[in-house]
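Data block below; observations after.
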Amino acid sequence: MKRGAPGKAQSSFDEFEATELYCVQCRRAVPVKKSLLLVLPEGDKYEYRCAFCGNTVGDKIDRNVEPFGVLST
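If you're matching positions, the sequence shown starts at 1295 in the working numbering and goes up one per residue.
In structure tokens form, the structure reads like this:
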């Protein structure tokens, strides 16, 4: 098995993507649905909702987006 050079940190992932989170209303870990909530200058804000009851169980700001300029027609 080939390993990275000693002394260099190697990233094993870019970012986490939630598939299940704890829902207070359902009182257990549940599958979640991710939806875009806001487009902000610092990144896109996503909201995670319970797949069963629709309760908000978390959010995330994706800072890996490129800034957009003025749209041309």
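Positions of the beta carbon are idealized from the N, C-alpha and C atoms, including for glycine.
As the structure is a computational prediction, the values presented were derived from the model and not from experiment.
Here's the rule I'm using: 16 or more other beta-carbon atoms within 10 Å means buried, otherwise exposed. How should C1317 be labelled? Within the sequence shown, numbered from 1, the residue matching residue 1317 stands at position 23. C1317 comes out buried.
So who's on the other strand from S1306, going by DSSP bridges? Stepping through the sequence shown from its first residue, residue 1306 is reached at position 12. DSSP, once it has assigned bridges, lists no residue as partnering S1306.
Go through its chain and collect everything with a Cβ distance to V1351's Cβ below 8 Å, but skip five positions before and after it. Indexing the sequence shown from 1 puts residue 1351 at position 57. Beyond the five residues adjoining it in sequence on each side, V1351 comes within less than 8 Å, by CB distance, of L1315, Y1316, C1317, V1318, V1324, V1326, Y1342, R1343, C1344 in the same chain, given in chain order.
What is the DSSP secondary structure of A1323, reduced to helix, strand or coil? Counted from its first residue, the sequence shown places residue 1323 at position 29. Residue state, collapsed to three classes: strand.
Those residues which DSSP pairs with V1333 across a bridge: Here residue 1333 corresponds to residue number 39 of the sequence shown, with the count starting at 1. Answer is D1338, bridged to V1333.
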